[in-house]
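Residue numbers (this note's numbering), protein chains in the order written: chain S, 415 to 632; chain H, 415 to 632. Virtual Cβ for every residue (Gly too), placed ideally from N, Cα, C. Quick caveat, the model's predicted, so the values are computed rather than measured.
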DNA sequence: CGCCAAGTTGACGTATCGTCATTGAACGCT
DNA sequence: AGCGTTCAATGACGATACGTCAACTTGGCG
């Protein structure tokens with residue numbers, strides 16, 4: 415076994431290093447070009463032209479424009495997902511669960527706005543959103559966490575699928591609006607979303623099991 | 415004046431009719447091809463091949479693949495927007511405003527699912543959403559209606575921009591989930607979204623003017 | 001130092017793009 | 001109806017981007 419130095423034992427070796435550097439250079443160039451031209455107008459050649467590499471090299475790293483676009487998104491998703499998961503796992507109240515999720519997400523978006531913008535700009539008046547496998551996996555994680563929280567009695571017994579969808583929808587749309595404002599303020603966006611869902615969850619649980627009693631605050 | 419028969423006075427004339435028929439044929443073909451191949455994989459040639467027309471003709475009607483895609487979406491948007499507007503204008507309660515909006519939207523989506531699906535399917539595991547000018551205009555309409563409703567005292571004084579974004583986000587994500595389920599049920603999706611926002615709006619208004627009293631139910 | 005494996009290069013064949021000169025049909029006037 | 005004008009359809013054509021591949025360069029290793 416271990417004939418290939420696929421693991422990190424020895425020093426990286428020049429080959430490995432160049433490979434990583436090239437991949438990174440291509441990704442970085444792609445982020446800029448997508449942000450400049452929009453996804454639709456960008457060509458693989460535009461990307462490779464923004465690096466010192468040759469056109470054929472691109473295809474050693476990615477199979478198509480679509481695939482590198484996915485890779486950019488997946489990278490973001492893999493960076494944010496563990497943080498979100500941690501917030502939710504350690505949450506001991508509904509409020510902590512919801513507020514932690516939104517705050518973490520909005521702060522990340524504000525931080526990494528370059529990736530986020532690159533992703534959403536297409537042509538002048540055309541917004542795009544693509545959900546890659548890693549992003550969709552993030553949605554599923556949220557659904558699982560909601561189901562767990564419901565199982566633990568933290569959340570009332572709601573439709574976890576719909577609730578996940580609602581959270582996702584609000585998160586992305588509010589993020590968009592937040593970035594559009596002059597003073598990007600993740601905290602206030604998170605506060606808005608949290609209040610919305612705290613009230614919403616309470617109303618939903620009253621609906622599904624109506625007329626128990628007037629228990630109002632948490 | 416009226417040298418050109420641009421308005422509907424005389425009978426349509428054969429030129430006009432063929433033009434409308436061709437445009438319609440191309441749009442119809444595009445809907446099918448987009449649904450079959452996904453937006454990314456579709457070429458203008460694929461679309462025109464699905465009609466009896468020649469390749470050059472396509473460019474008499476649309477400038478690009480992107481533009482015809484927009485046209486399909488805009489058509490949907492123009493069909494649904496008046497209905498939404500009417501619902502909201504005649505609403506005399508917050509509940510009517512919200513429920514009317516969601517029910518109308520979900521029923522439309524369930525009806526016109528072919529367009530909706532065509533729009534969202536790209537490759538196997540890649541979801542896409544594009545917001546065209548007409549769709550974005552629909553968002554703005556919603557924001558205006560919210561502002562009007564706030565002005566009338568129907569809604570509490572909230573951030574209309576964020577609220578609009580939240581409604582839009584929930585509407586699109588829930589629509590997606592709804593279509594994915596075996597029994598597409600607009601009414602129950604609308605009920606879910608309505609309960610969420612009724613509770614959410616109440617909580618948000620308490621937040622902005624906190625500590626009034628413990629009034630819980632409506 | 002020399003050999004093998006891995007990776008890069010850019011030219012090449014293919015496919016789609018968008019244009020445009022040509023053609024034929026609809027229109028309106030007599 | 002006959003006739004000249006206008007307008008849209010056609011499909012061939014040059015331009016552009018795609019993805020591949022044989023030749024070449026470089027790192028790894030005895």
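{"Query": "What residues from chain H crowd round residue 621 of chain S, counting only those whose CB sits closer than 7 angstroms?", "Result": "609"}
{"Query": "Could you work out which residue in S:426, S:433, S:599 and S:447 is closest to residue 529 of chain S when comparing CA atoms only?", "Result": "S:447"}
{"Query": "Whole-angstrom Cβ separation of residue 497 of chain S and residue 471 of chain S, contact assumed at under 8 angstroms?", "Result": "Actually they do not touch by this definition, with Cβ atoms about 33 angstroms apart."}
{"Query": "Using three-state DSSP, classify residue 596 of chain S as helix, strand or coil.", "Result": "coil"}
{"Query": "In whole angstroms, what separates the C-alpha of residue 441 of chain H from that of residue 467 of chain S?", "Result": "41 angstroms"}
{"Query": "What does residue 618 of chain H reach in chain S if we use C-beta pairs closer than 9 angstroms?", "Result": "606, 609, 610 and 613"}
{"Query": "If I follow the unbroken alpha helix (DSSP H) through residue 490 of chain S, where does it start and stop?", "Result": "479-503"}
{"Query": "Looking at residue 577 of chain S: is its Cβ nearer than 8 angstroms to the Cβ of residue 512 of chain S?", "Result": "no"}
{"Query": "Around the Cβ of residue 567 of chain S, are there at least 16 other Cβ atoms within 10 angstroms (buried) or fewer (exposed)?", "Result": "exposed"}
{"Query": "Once the 5 residues before and after residue 439 of chain H are set aside, which same chain residues still bring their CB inside 6 angstroms of it?", "Result": "465"}
{"Query": "Spell out a yes or no on whether the region 584-597 of chain H and the region 589-599 of chain S are touching, meaning 3 or more CB-CB pairs, one atom from each, closer than 8 angstroms.", "Result": "no"}
{"Query": "Are residue 584 of chain S and residue 552 of chain H touching if we call contact CB-CB under 8 angstroms?", "Result": "no"}
{"Query": "Strictly under 8 angstroms for the Cβ-Cβ distance: is residue 454 of chain S near chain H by that measure?", "Result": "yes"}
{"Query": "Taking the alpha-carbon of residue 636 of chain H as reference, which of H:445, H:562 and H:587 has the nearest alpha-carbon?", "Result": "Since the first residue of chain H shown is 415 and the last is 632, residue 636 of chain H is not available in this structure."}
{"Query": "In this structure, does DSSP put residue 566 of chain S in helix, strand or coil?", "Result": "coil"}
{"Query": "Could you tell me the boundaries of the alpha helix (DSSP H) in which residue 434 of chain S lies?", "Result": "428-451"}
{"Query": "Tell me the rounded alpha-carbon separation between residue 453 of chain H and residue 487 of chain H.", "Result": "13 angstroms"}
{"Query": "Are any of the Cβ atoms in chain S nearer than 8 angstroms to that of residue 591 of chain H?", "Result": "yes"}
{"Query": "State yes or no: is the beta carbon of residue 586 of chain S nearer than 8 angstroms to at least one beta carbon in chain H?", "Result": "yes"}
{"Query": "Between S:427, S:509, S:558 and S:479, which has its C-alpha nearest residue 607 of chain S's C-alpha?", "Result": "S:509"}
{"Query": "Does residue 624 of chain S get closer than 8 angstroms to chain H when you measure Cβ to Cβ?", "Result": "Below a pLDDT of 50, predicted positions are generally treated as unreliable, and residue 624 of chain S, at 49, falls in that range; no measurement from the model is reported."}
{"Query": "Answer with yes or no whether the minimum CB distance from residue 569 of chain H to chain S is below 8 angstroms.", "Result": "no"}
{"Query": "Of the residues that make up the region 470-494 of chain H, which ones have a beta carbon closer than 8 angstroms to any beta carbon in chain S?", "Result": "480 and 484"}
{"Query": "If you compare alpha carbons, which of S:451, S:499 and S:432 is closest to residue 474 of chain S?", "Result": "S:432"}
{"Query": "In the DSSP assignment, find the unbroken alpha helix (DSSP H) run with residue 507 of chain H in it and report its ends.", "Result": "Note, residue 507 of chain H: premise wrong, no alpha helix (DSSP H); not H, not E."}
{"Query": "Quick one: using the 10 Å Cβ neighbour count with 16 as the cut-off for buried, is residue 600 of chain S buried or exposed?", "Result": "buried"}
{"Query": "Does DSSP classify residue 456 of chain H as helix, strand or coil?", "Result": "coil"}
{"Query": "Note down, in chain order, every chain H residue with its Cβ under 8 angstroms from the Cβ of residue 579 of chain S.", "Result": "584, 587, 588, 590 and 591"}
{"Query": "Under 7 angstroms Cβ to Cβ from residue 618 of chain H, same chain only, skipping five residues before and after it: list those, please.", "Result": "572"}
{"Query": "In three-state terms, what does DSSP make of residue 603 of chain S?", "Result": "helix"}
{"Query": "Measuring straight from C-alpha to C-alpha, what distance separates residue 492 of chain H and residue 428 of chain S?", "Result": "58 angstroms"}
{"Query": "Which two residues bound the contiguous alpha helix (DSSP H) that contains residue 471 of chain H?", "Result": "469-475"}
{"Query": "Looking at residue 621 of chain H: is its Cβ nearer than 8 angstroms to the Cβ of residue 609 of chain S?", "Result": "yes"}
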